[in-house]
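The structure appears right after this line, and notes come after that.
In the working numbering, the protein residues as written are 120 to 627.
Right under this line is the structure:
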């Protein structure tokens, strides 16, 4: 193959994915490798970290795997970019060594975050569009200041995980605007590092790198990175954006009337707005869109793919956890169960977003008894879990419509669970709007590939790259009789969920 290609690195919560596409966005090769985290004794059980050397090795192996699986050589790659899980962060010292590297599930700063919100929560939300503070970098900086002052005093640069990958490839310390906003450090209205936050929280002054937009070239692949990855030295390295934001690029979500649902470890429901929209109750998030004159309003279901993975292990055992073929079997099982899953209700993760009222709640499966009469089987549990996700997506979809005072006419989905034939059957009927499913579900990687193509000069802007590399979609329309049936099931799920919340409060 003599044509030119771009390479995207997607560092997710449970794995890294490497996608190679041509300049029309057609997938050429893909490689996925899992990774895991440690919980050091001093932050156990809430804290999580990753070994940056081990993770970089896995990333390099994923890149090599994608190159090996096709006839594309490293020299045919004209641009590379990266995307990653949000809230994940890496602290560098002045020599470029990693002092701290954590995923988005590191909750060590719970106490510091609660303290910050008690004093300044309302103002911080008005600046960043995000809450609660324990998820974000200001609280983590406070944790290090209090618990590891020697490390704190050595922090020279704060990077997102995708920024860190860009640094490993190019040697350049830069940050992308959307990613930095997801760290809780950016004034989302002005799209710059917030001086008010530095003043309010007494944050360090010199740890913030230059901010660049997604799709901008920040450097080229170094000799060392070329040796480690098999990408040619001098290849263009471009800024990516967070995984959900890159997914919106891949799905082409930039105007009103559309929602993007990214069905990965979590399942955020997002719309594009032409100005920041803040929820008066601080239940949901607002942030920067990769396009300069756009913002994102988000209402997330929370754990989606993670909950489905848990169900997979519960039914088939942990030994089957790495067997992706089991998901196809689960899909076949779910399709055999009737709508409503034989009266089974699931509450095993996905729910309506309310970041103003976080608490551990009781959930699980509810079904009629005695079992000797009802005959509940695995198929009912699997279908109920997919209906749980669909109902949660609808609840968040309606919440977005209410807060944004806008109507959403269509939904585009991507991510691993977008492969589910059963979910594709259920979701349009639950939402009562058309659901668009792309030919490639790796939409975060596709969005990063667009960034790589723009940064390498093959397109003049993100808008042009999005249009040229847009995937084909198949559209699934709702079936009116089924939609009417699911409207009743959804209401039952909502009503029962409220009773479970009361039960959880009563059992504290």
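C-beta: ideal position from N, C-alpha, C; glycine also.
None of these values were measured; they are calculated from a predicted model.
Hey, could you find the ends of the alpha helix (DSSP H) residue i is sitting in?
i           : result
residue 621 : 599-625
residue 145 : That residue, residue 145, is in no alpha helix (DSSP H); it is neither H nor E in DSSP.
residue 257 : 256-266
residue 315 : 314-320
residue 184 : 171-187
residue 304 : Neither: residue 304 is in no alpha helix (DSSP H) and is coded neither H nor E.
Hey, residue i and residue j are a contact pair by Cβ (cut 8 Å); roughly how many whole angstroms apart?
i           : j           : result
residue 415 : residue 431 : With a Cβ gap of about 30 Å, residue 415 and residue 431 do not count as contacting.
residue 535 : residue 505 : Not a contact, Cβ separation roughly 13 Å.
residue 533 : residue 381 : 6 Å
residue 356 : residue 332 : No, residue 356 and residue 332 are not in contact; Cβ-Cβ is about 15 Å, not under 8 Å.
residue 334 : residue 574 : 6 Å
residue 369 : residue 569 : 7 Å
residue 349 : residue 139 : That belief does not hold up - the Cβ atoms of residue 349 and residue 139 are roughly 12 Å apart, past 8 Å.
residue 423 : residue 385 : 6 Å
residue 225 : residue 218 : Their Cβ separation, rounded to whole angstroms, is 14 Å, which puts residue 225 and residue 218 out of contact at 8 Å.
residue 208 : residue 279 : 6 Å
residue 86  : residue 206 : Any question about residue 86 goes unanswered here, given that the chain covers just 120 to 627.
residue 198 : residue 571 : 4 Å
residue 367 : residue 376 : The pair is not a contact, with the Cβ atoms about 14 Å apart (cut-off 8 Å).
Going by Cα to Cα distance, which pick from the options is closest to residue i?
i           : options            : result
residue 329 : 305, 558, 155, 478 : 305
residue 418 : 511, 499, 500, 468 : 511
residue 544 : 245, 388, 290, 456 : 456
residue 162 : 227, 205, 145, 196 : 227
residue 513 : 490, 500, 527      : 527
residue 475 : 244, 613, 170      : 244
residue 546 : 443, 294, 502, 318 : 502
residue 233 : 220, 251, 499, 221 : 251
residue 358 : 264, 262, 200      : 200
residue 172 : 429, 216, 239, 366 : 216
residue 459 : 541, 436, 411      : 541
residue 559 : 581, 584, 157, 588 : 588
residue 611 : 351, 556, 486, 468 : 486
residue 242 : 624, 341, 393, 320 : 320
residue 189 : 390, 407, 509, 137 : 137
residue 549 : 132, 174, 175, 609 : 609
residue 427 : 249, 483, 309, 373 : 483
residue 149 : 214, 317, 185      : 185
residue 178 : 214, 126, 354, 261 : 126
Count the other C-beta atoms from every protein chain shown that fall within 10 angstroms of the C-beta of residue i, then say buried if there are 16 or more, exposed otherwise.
i           : result
residue 598 : exposed
residue 339 : buried
residue 237 : exposed
residue 164 : exposed
residue 120 : Legend: pLDDT at residue 120 = 38, less than 50; position of this residue unreliable, value from coordinates given subsequently. Residue 120 should be labelled exposed.
residue 615 : exposed
residue 147 : buried
residue 287 : buried
residue 404 : buried
residue 293 : buried
residue 565 : buried
residue 151 : buried
residue 632 : With the chain covering only 120 through 627, there is no way to say anything about residue 632.
residue 618 : exposed
residue 488 : exposed
residue 203 : buried
residue 509 : buried
residue 210 : buried
residue 481 : exposed
In the DSSP assignment, find the beta strand (DSSP E) that holds residue i and state where it starts and stops.
i           : result
residue 329 : 329-331
residue 531 : 529-533
residue 483 : 483-485
residue 490 : Looking at the DSSP string, residue 490 is not in any beta strand (DSSP E); the run it does join, the alpha helix (DSSP H), is 490-493.
residue 336 : 336-339
residue 592 : 592-595
residue 126 : 124-130
Exercise. Which ranges does the alpha helix (DSSP H) cover as unbroken runs of at least 4 residues, wholly within the region 272-300, from first to last along the chain?
Worked result: 280-289, 296-300
For this session: Could I get the ranges of all uninterrupted alpha helix (DSSP H) runs contained in the region 416-471, with 4 residues as the minimum, in chain order?
Result: The qualifying runs are 424-435, 444-455.
Exercise. Can you give, in chain order, each stretch of the alpha helix (DSSP H) that sits fully within the region 347-426 and has at least 4 residues?
Worked result: 362-370
For this session: Taking only runs that begin and end inside the region 201-247, name each unbroken beta strand (DSSP E) of 3 or more residues, in chain order.
Result: 208-211, 217-221
For this session: Could you name each continuous alpha helix (DSSP H) segment of 4 residues or more that falls completely within the region 516-587, going from the start of the chain to the end?
Result: 540-550, 562-574, 581-587
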